[in-house]
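> Sharing a structure with you now.
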Amino acid sequence: MLWVKESNKKNALFVDIFKSNKLQRPVNFIESKACSPPRKSDTVALRKRKEGNELFGQREWAEAMEMYNESLCFAKNGSKHISLAYANRSSCFLNMKLYNECLIDIELAKEAGYPMDLMEKLNQRKEDCLKSIEKAAKSLQIFEPKLSYEADEKFPCMANVLKFEQGDDGDYALCAKEDIDVGQTIVVESAFVKCLLRYGRKCSICLKGNTNLVPCENCATAMFCSNECKVSFLHKYECGLRYSEDESLNGGILEAARAIILGVNAFTTVDQLMEFVEQTISSDPNELLDSLIDEQSKYRAFLKLPLANDDDDDIFIAIAYCTYKFILNIPGIKAIFESRKHRRFLMHFVTHCMKVTSKNSLQEVRVVRRKEYALVYTQTGAITKYLKHSCAPNATMSQTNGNLICVTVRPVKMGERLLISCYDMLLDSKETRQRQLWENKQFICQCTRCEGHTATLAQRKRIASDPDFHDIIFSYPITESDVDKLPQMIAKCEAVSRKYGDVIWCDEIGRVINIYIKLLNFRMSGLF
Ligand SMILES: [Zn+2]
Ligand SMILES: [Zn+2]
Ligand SMILES: [Zn+2]
15 MLWVKESNKK
25 NALFVDIFKS
35 NKLQRPVNFI
45 ESKACSPPRK
55 SDTVALRKRK
65 EGNELFGQRE
75 WAEAMEMYNE
85 SLCFAKNGSK
95 HISLAYANRS
105 SCFLNMKLYN
115 ECLIDIELAK
125 EAGYPMDLME
135 KLNQRKEDCL
145 KSIEKAAKSL
155 QIFEPKLSYE
165 ADEKFPCMAN
175 VLKFEQGDDG
185 DYALCAKEDI
195 DVGQTIVVES
205 AFVKCLLRYG
215 RKCSICLKGN
225 TNLVPCENCA
235 TAMFCSNECK
245 VSFLHKYECG
255 LRYSEDESLN
265 GGILEAARAI
275 ILGVNAFTTV
285 DQLMEFVEQT
295 ISSDPNELLD
305 SLIDEQSKYR
315 AFLKLPLAND
325 DDDDIFIAIA
335 YCTYKFILNI
345 PGIKAIFESR
355 KHRRFLMHFV
365 THCMKVTSKN
375 SLQEVRVVRR
385 KEYALVYTQT
395 GAITKYLKHS
405 CAPNATMSQT
415 NGNLICVTVR
425 PVKMGERLLI
435 SCYDMLLDSK
445 ETRQRQLWEN
455 KQFICQCTRC
465 EGHTATLAQR
475 KRIASDPDFH
485 DIIFSYPITE
495 SDVDKLPQMI
505 AKCEAVSRKY
515 GDVIWCDEIG
525 RVINIYIKLL
535 NFRMSGLF
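Residues in the sequence shown are numbered from 15 upward in steps of one, following the working numbering.
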């Protein structure tokens with residue numbers, strides 16, 4: 015069994031373990047970090063809007079928008095702060111050239127009772143926006159990832175040019191059913207479990223950002239991108255939910271809570287859920303997935319992801335225990351896990367989910383105010399497991415707005431595996447790469463590059479003297495002000511990668527692919 019420490023008394027509740035032993039101290043420590051969730055307050059709403067105005071004055075549009083979003087979250091229902099925050103946010107959208115979003119926000123401000131004496135200003139903004147739409151060849155659009163091929167029937171998150179194939183090690187990996195060109199989007203998976211930590215940046219349900227988010231009417235931490243997200247069953251449980259102001263602790267706990275809520279929702283009764291979870295966890299961890307179509311198949315894939323090996327870590331077990339208590343207090347959950355048997359299951363279930371997320375979740379960390387780092391969200395998908403590592407990758411994995419996206423960066427021949435580099439280390443030496451892989455994944459890489467294979471000197475010279483190669487190397491990095499060059503730069507990288515697709519990995523290829531991946535991430539990150 016994968017369950018954490020069993021108590022000596024066979025059927026004792028997991029809770030009992032904590033009463034008397036050495037875990038008391040770490041539990042106290044975790045509990046000392048708990049906080050009560052923030053409540054709506056017009057005073058805070060006003061303060062946040064003023065902070066937003068300051069950032070706006072510094073032309074930090076995205077960060078000003080985040081503050082206006084927070085202001086919206088805190089403003090009491092019906093308060094004038096709602097319309098004022100929408101109006102200010104419309105100005106951010108205008109400056110970010112997101113004209114449709116700007117117009118929507120102006121309407122939202124009006125609907126929320128924007129003060130008549132300021133209305134002229136708002137109408138003027140609308141006119142400016144309409145003029146900009148006329149002038150602009152096309153208004154900027156938020157990047158929406160889309161598969162470059164038809165979706166696979168059973169695995170709709172992946173292109174139908176991929177298949178699973180078992181390697182010599184017994185592991186399944188994704189491989190190409192036909193030749194795949196460079197620059198093809200072959201996986202777009204909406205992460206099964208995801209969790210927003212930097213409130214006010216994205217939709218609390220689906221993590222969509224840079225859009226006309228509207229606040230939850232009840233809590234001060236949630237916003238929604240659409241009506242569909244607003245009425246999601248998830249928020250019925252999650253409304254007002256927050257554990258700690260410590261973002262990583264909060265994230266770990268809320269991610270586990272979401273995983274449990276998804277499970278509760280996928281089954282009619284808790285006994286069905288129990289049976290499903292126990293059957294899934296005791297089945298062969300290497301078995302191939304049947305599909306990723308419905309909630310249950312996705313849940314199965316999630317539960318079968320590799321587990322963190324934290325059984326003996328007191329802090330981990332203490333967090334699991336605090337998470338269990340926290341989840342049990344969510345309205346609607348306690349009643350479901352009523353009996354001793356069910357609570358015992360929940361305790362183990364929480365621990366399992368935490369081991370999955372702690373091993374597999376990807377986090378987005380952003381620089382805020384140009385200095386401080388903030389954890390924006392965490393998310394866990396199922397398909398990444400099948401993309402194996404190589405220091406000479408032919409694909410790259412990015413994450414954005416709740417999606418995991420895989421794009422080919424070199425031409426892939428029929429039958430070849432899709433390989434990604436787990437870390438941003440394409441330019442690092444073998445020693446550095448191997449150290450990082452060992453320290454983080456206890457993995458010894460035996461890719462062609464690590465084995466010492468490289469292109470011939472003649473091939474390398476040919477690439478180095480290619481004018482496109484020079485263009486790419488010397489135009490990078492590009493800044494936000496010349497994003498117009500982005501499509502052209504991306505096309506150049508693709509052309510070089512395609513042209514030298516038959517050449518084995520070498521430093522010159524590495525430099526181009528490294529820039530190409532950075533540009534793709536830049537494009538996915540937001541507005542280009
Ligand atoms: Zn949403
Ligand atoms: Zn809420
Ligand atoms: Zn390697």
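Note that CB positions come from ideal geometry on N, CA and C, so glycine has one too. In this text the structure is predicted, and so the values were computed from the model without any measurement.
Going by DSSP, what residue range makes up the beta strand (DSSP E) through S412?
Counted from its first residue, the sequence shown places residue 412 at position 398. Here the beta strand (DSSP E) through S412 covers 409-414.
> Which word fits W75, buried or exposed, when buried means at least 16 other C-beta atoms lie within 10 angstroms of its C-beta?
In the sequence shown, the residue the question calls residue 75 occupies position 61. W75 should be labelled buried.
> Would you kindly check if the distance between the Cβ of I419 and the Cβ of V202 is under 8 Å?
Position 188 of the sequence shown, counted from the first residue, corresponds to residue 202. Position 405 of the sequence shown, counted from the first residue, corresponds to residue 419. Closer than 8 Å, so yes.
> Just curious, the alpha helix (DSSP H) that F488 is in, first and last residue?
What you label residue 488 is simply residue 474 of the sequence shown in a count that begins at 1. Counting along the chain, the alpha helix (DSSP H) containing F488 begins and ends at 481-489.
> Buried or exposed for A165, please, with buried defined as at least 16 other CB atoms from any protein chain shown within 10 angstroms of its CB.
Position 151 of the sequence shown holds residue 165. Exposed, because fewer than 16 other Cβ atoms sit within 10 Å of the Cβ of A165.
> With I529 as the anchor, note down where its beta strand (DSSP E) starts and where it stops.
Position 515 of the sequence shown, counted from the start, is the residue given in the question as residue 529. Here I529 belongs to no beta strand (DSSP E); instead the alpha helix (DSSP H) covers 521-538.
> Kindly indicate which three-state DSSP category F542 falls into: helix, strand or coil?
The count along the sequence shown starts at 1 and reaches residue 542 at position 528. In this prediction, F542 scores a pLDDT of 49, lower than 50, which makes its location untrustworthy; no coordinate-derived value is stated.
> Just to confirm, does H366 get its C-beta within under 7 Å of one of the non-hydrogen atoms of ligand 2?
Residue mapping note: residue 366 aligns to position 352 of the sequence shown, counting from 1. Checking the Cβ of H366 against ligand 2 gives no.
> Whole angstroms are fine: how far does the CA of Y530 sit from the CA of K506?
Taking the first residue of the sequence shown as 1, we reach residue 506 at position 492. Taking the first residue of the sequence shown as 1, we reach residue 530 at position 516. Looking at the two C-alpha atoms, the distance is approximately 9 Å.
> Tell me the rounded alpha-carbon separation between V29 and V381.
Start at 1 with the first residue of the sequence shown, and residue 29 comes out as number 15. Start at 1 with the first residue of the sequence shown, and residue 381 comes out as number 367. The predicted position of V29 is uncertain, since its pLDDT is 49 and thus under 50; no value can be drawn from it.
> With DSSP collapsed to three states, give me the class of L86.
What you label residue 86 is simply residue 72 of the sequence shown in a count that begins at 1. Three-state DSSP puts L86 in a helix.
> Closest by CA to N374, which one among A396, R358, V390, S353?
Within the sequence shown, the letter at position 360 stands for residue 374. The shortest C-alpha separation from N374 is found at A396.
> Quick check on T235: does DSSP put it in helix, strand or coil?
Numbered from its first residue, the sequence shown carries residue 235 at position 221. Here T235 sits in coil by DSSP.
> Report the residue from E430, P481, C461, S412 whose alpha carbon sits nearest the alpha carbon of A533.
On the sequence shown, residue 533 is found 519 positions in, with the first residue counted as 1. Reading off the sequence shown, one finds Leu at residue 533, where the question assumed Ala. Per the Cα distances, S412.
> Distance, Cα to Cα, M15 vs D119?
Start at 1 with the first residue of the sequence shown, and residue 15 comes out as number 1. Start at 1 with the first residue of the sequence shown, and residue 119 comes out as number 105. With a pLDDT of only 28 at M15, under the threshold of 50, the placement of this residue in the model should not be trusted; the figure read from the coordinates follows. Cα to Cα, the separation comes out at about 53 Å.
> I need the DSSP call for S311, collapsed to helix, strand or coil.
Locating residue 311 in the sequence shown gives position 297, where the first residue counts as 1. In this structure, S311 counts as helix in the three-state DSSP scheme.
> Taking 8 Å as the cut-off, decide whether the C-beta atoms of I295 and V364 are in contact.
Along the sequence shown, read from residue 1 onward, the residue named residue 295 stands at position 281. Along the sequence shown, read from residue 1 onward, the residue named residue 364 stands at position 350. Against a cut-off of 8 Å, the Cβ pair of V364 and I295 comes out as no contact.
> Under 8 Å by Cβ, that's how I've got W85 and K54 pegged, so tell me the actual separation to the nearest angstrom.
As a position in the sequence shown, residue 85 is number 71, starting the count at 1. As a position in the sequence shown, residue 54 is number 40, starting the count at 1. According to the sequence provided, residue 85 is Ser. The question's Trp does not apply to it. Rounded, the Cβ-Cβ distance is 11 Å, inconsistent with contact.
> Is G181 near ligand 2, judged by its Cβ being under 7 Å from some heavy atom?
For the purposes of this step, residue 181 is taken as the residue at position 167 of the sequence shown. No, the Cβ of G181 stays beyond 7 Å of every heavy atom of ligand 2.
> Using only the alpha-carbon positions, how far apart do N4 and Y391 sit?
The requested residue 4 does not occur in the structure, where the chain is confined to residues 15 to 542.
> Quick check on DSSP: helix, strand or coil for M428?
Here residue 428 refers to the residue found at position 414 when the sequence shown is read from its first residue. In the structure shown, M428 sits in coil (DSSP, three-state: anything other than H, G, I, E or B).
> Pull up the distance between the alpha-carbon of E252 and that of A150, whole angstroms please.
If you number the sequence shown from 1, residue 252 lands on position 238. If you number the sequence shown from 1, residue 150 lands on position 136. One C-alpha to the other measures close to 41 Å.
> Pull every residue with its beta-carbon under 6 Å away from any heavy atom of ligand 1, and keep them in chain order.
Taking each Cβ in turn, the ones that pass are C217, I219, C220, K222, F238, C239, S240, C243.
> Which residue from P345, S372, D298 puts its Cα closest to that of D327?
Your numbering for residue 327 matches position 313 in the sequence shown. If we check each option's Cα against that of D327, S372 comes out closest.
> Do you know offhand how far M368's Cα is from I267's?
The residue given as residue 368 occupies position 354 in the sequence shown. The residue given as residue 267 occupies position 253 in the sequence shown. Approximately 8 Å, taken between the alpha carbons.
> With contact counted as at least three CB pairs below 8 Å, one residue from each stretch, are the stretch 475-494 and the stretch 510-525 in contact?
At 8 Å Cβ cutoff, the stretches touch.
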